[in-house]
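Heads up: the sequence lines are chains Y and H, in that order. Numbering-wise, the first sequence is residues 1 to 161 according to full-length UniProt numbering. Numbering-wise, the second sequence is residues 1 to 211 according to full-length UniProt numbering. Don't be surprised by glycine CBs; every beta carbon is placed ideally from N, CA and C.
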Amino acid sequence: MGEVYKVGMADMAVCSGDDAVTTLGLGSCIGIAIRDPGTGVGGLVHIMLPDSKEIRNNTNRPKFADTGIEDLVDAIVKKGGNRNRLVAKIAGGAQMFSFGSGNEAMRVGDRNAAASRKKLSELKIPLLSEDTGENYGRTVIFYPKTGDYVIRAIGKPEKTI
Amino acid sequence: MKNLNMDELTNQYYDVLKELGNIGAGNATTALAQMIGCKVDMSVPKVQLLDFNKLGELVGGEDELMVGIYLQVEGDIEGSMMFIQKKVSAAHLVNKLMCGMLGVTEDEITSHEFGEMECSAIKEVGNIITGAYLNALSSLTGLKIYPSVPQLGIDMAGALLSVPAVEFGLYADKILLVQTQFSDAVELDGYFILIPDMESYEKILTALGVM
C-alpha cells in the first residue's frame, strides 16, 4: 500500500506508483481526477467555483475549474505524464441545501460540473465517467495507477467509477 | 471592499468581532438552554482567518457526520450563518426536545434515524437560536439583519461547510469567521459559525465605531 495524500479545498496534489490522492467531504465543489494510464502519473484538484474570469480576486488558481484543471495538467506532465494520453473522471457538485431553484449562487454545484466538463473538452481530455449532482457530500480517493476513483457517501454503498 | 484589507486586520478588530460572537452566541445559548431546560455552556468565541483547506478541520474532521442548519443573512449586512453539531449531539438535542421519544439508552438515541418530525424539530431549534444570535447582533449594531428560512443538511462536515465557503470564495482566498462552541455536561457539542461577507465586516465595525 502506498501513501494517500490529502487534498483540501482549493488545493491539488499529484502522485504516482501505489500512492493515492483523496479529498474528504466534497459538497458543491468538484474533485477532478486526471491521469496518464501509460505512466500511472495522476492527480486530483478540488475546485470550488466554476470560472476565474467572473471573479476579481482570482489569484488562487486551484479554486476555479478553468485554472485548476490547467494547473493539474501541467503538474502531471511535469511529473512525467504524457499530455496526449490524459483521461479524467469527476465527482461532486452536489446541492447541499435547497433554497428554491431560482437562486443562482445555490446552483453552484451544477455550474461547477458544467465548467469542469467544458474545460476538459477544450483541453481534449476525455471524461471517462462522473458522479455529480444530487444532494449529498462525497469523500473520494483516486488511484492514478489503476484509474479507480472510489466514492464514499454517508448511508450509501461505496462505489468505484 | 474599500478600506478593509483582511491581511491587515488588527487585534482590535479581532477583539470587537470576538465580542460580537460572545454576545450573539450568549443569547443563542440562553435560548437553547431555555428550550431544553438544561444548562448549556459556551466557549470564548474564536475569530479566525482560515485558508479554505483548513476549513474542514474547524469542527473536527471533514468526513465527520454532522447536522447543519444553514441560513443566509440579508439586510444591512449579508452573509451566512451555520449552526452545526455532530449527529450524535443533534440526536440528544432532539430527544430532549421531544421528551425522550427517541429512546432511553445511549445506543437507542444515537442510532435513531432522523425522520420528518426530527428534522422539523432540529430546524425549529436552529431557527430560534440563530434568531437569538442575530437579534443580539442587530440590537448591538443598530443594523437591520434578516435571516432566511433555515435549511437542514445531514452530511459530512466538509460538504456542509463548503456551502458558506464557496460564497465567501467569491470575494477572498481565505475565510474570516466567528466561531463559538457550545456544550453541556455530557451530550451536546456544537458550533455557531457566523460568516458575514467582506463588506459587512466593514459595516459592522463602522456601526460599532471602531473604523
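- Interface residue (Cβ-Cβ distance to chain H less than 7 Å): TYR136/Y is classified as such.
- With 16 or more other Cβ atoms from the protein chains shown falling within 10 Å of its own Cβ, GLN95/Y counts as buried.
- Using a CB distance below 8 Å, the part of the segment 57-68 of chain Y facing chain H consists of ASN57, THR59, ASN60 and LYS63, ordered along the chain.
- For CYS119/H, the uninterrupted alpha helix (DSSP H) segment begins and ends at 116-141.
- Counting along the chain, the unbroken alpha helix (DSSP H) around GLY24/H starts and ends at 11-36.
- Just so you know, the alpha carbons of ASP173/H and MET98/H end up roughly 42 Å apart.
- Taking 4 residues as the minimum length, the alpha helix (DSSP H) runs contained wholly in the segment 33-100 of chain H are 87-97, in order along the chain.
- DSSP, read as helix, strand or coil, puts SER121/Y in helix.
- For the pair GLY27/Y and ARG35/Y, the CB atoms are not nearer than the 7 Å cut-off.
- Residues of chain Y with a Cβ closer than 7 Å to the Cβ of ASN53/H are, in chain order, GLY8, MET9, ALA10 and ASP11.
- In the assembly as shown, MET101/H is an exposed residue. Its beta-carbon has fewer than 16 other beta-carbons within 10 Å.
- Closer than 7 Å to the CB of SER28/Y there is at least one CB belonging to chain H.
- Residues of chain H with a Cβ closer than 7 Å to the Cβ of THR139/Y are, in chain order, ASP63 and MET156.
- C-alpha of ASN84/Y to C-alpha of VAL73/Y: approximately 11 Å in a straight line.
- Counting the other Cβ atoms within 10 Å of the Cβ of GLY79/H gives 16 or more, which makes it buried.
- Per DSSP, reduced to three states, the secondary structure at TYR201/H is helical.
- Nearest CB-CB separation between ASP173/H and chain Y: below the 7 Å threshold.
- The residue among VAL77/Y, LYS119/Y, VAL21/Y and GLY17/Y with its C-alpha nearest the C-alpha of PHE64/Y is LYS119/Y.
- Annotation for LYS159/Y: ASP131, VAL150 and ILE151 place their beta carbon closer than 8 Å to its own, counting only its chain and skipping 5 residues before and after.
- Around ILE55/Y, the beta-carbon contacts reaching into chain H at under 9 Å are GLY169, LEU170 and TYR171.
- Listed along chain H are VAL166, each with a C-beta nearer than 8 Å to that of VAL108/Y.
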